[in-house]
Amino acid sequence: MHADFQPCVYIMASARHGTLYTGVTSHLIQRICQHRGGSFDGFTKRYGVKTLVWFELAGTMHAAITREKQIKNWQRKWKIELIEAANPEWRDLAEELGLTPLGG
Numbered sequence: 001m002h003a004d005f006q007p008c009v010y011i012m013a014s015a016r017h018g019t020l021y022t023g024v025t026s027h028l029i030q031r032i033c034q035h036r037g038g039s040f041d042g043f044t045k046r047y048g049v050k051t052l053v054w055f056e057l058a059g060t061m062h063a064a065i066t067r068e069k070q071i072k073n074w075q076r077k078w079k080i081e082l083i084e085a086a087n088p089e090w091r092d093l094a095e096e097l098g099l100t101p102l103g104g
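Mapping the sequence shown onto UniProt numbering, position 31 (from 1) lands on 31, and the numbers just tick up by one.
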């Protein structure tokens, strides 16, 4: 398995209480950079969803995908509660992972 491989489910936001996107990846930093750079046409690019507000590591991709599906089926209120339990200020967690601040 590749050294950078780390299954993860994540939530990104356009702003505090803004548009939310739940995704899954095996390389979180690379995926954040893709979202920030607008590499993918679609939802996150259209709504400017670029701030990592929550993530959870998983032991396997299967576990990460299962958790992603669970969260995607949640009510918006529950997703906000999940984010605010770990990140009440809605900080961009990507900065804590070593990425430059958005716009910086």
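We put the CB at the ideal spot given by N, CA and C, even for glycine. This one's a predicted model, so the numbers in the text were calculated from it and none came from an experiment.
For the beta strand (DSSP E) containing A13, list its first residue and its last residue.
-> C8 to A13
Considering only residues of the stretch 52 to 93, which uninterrupted alpha helix (DSSP H) runs meet the minimum length of 4 residues and lie entirely inside it, listed in chain order?
-> 61 to 72 and 76 to 86
Anyone know if the C-beta pair for T22 and I32 falls short of 7 Å?
-> no
Quick one: what does DSSP say T19 is sitting in, helix, strand or coil?
-> coil
Return the CA-CA distance between Y47 and E96, expressed in angstroms with no decimal places.
-> 23 Å
Take E81 as the anchor and find which of W54, S14 and G38 has the nearest alpha-carbon.
-> W54
Look at T66 and A13 and say whether their C-beta atoms are less than 7 Å apart.
-> no
Identify whether T100 lies in helix, strand or coil by the three-state DSSP scheme.
-> coil
Report the option in F40, E68, V24 and W78 whose CA atom is closest to the CA atom of H17.
-> W78
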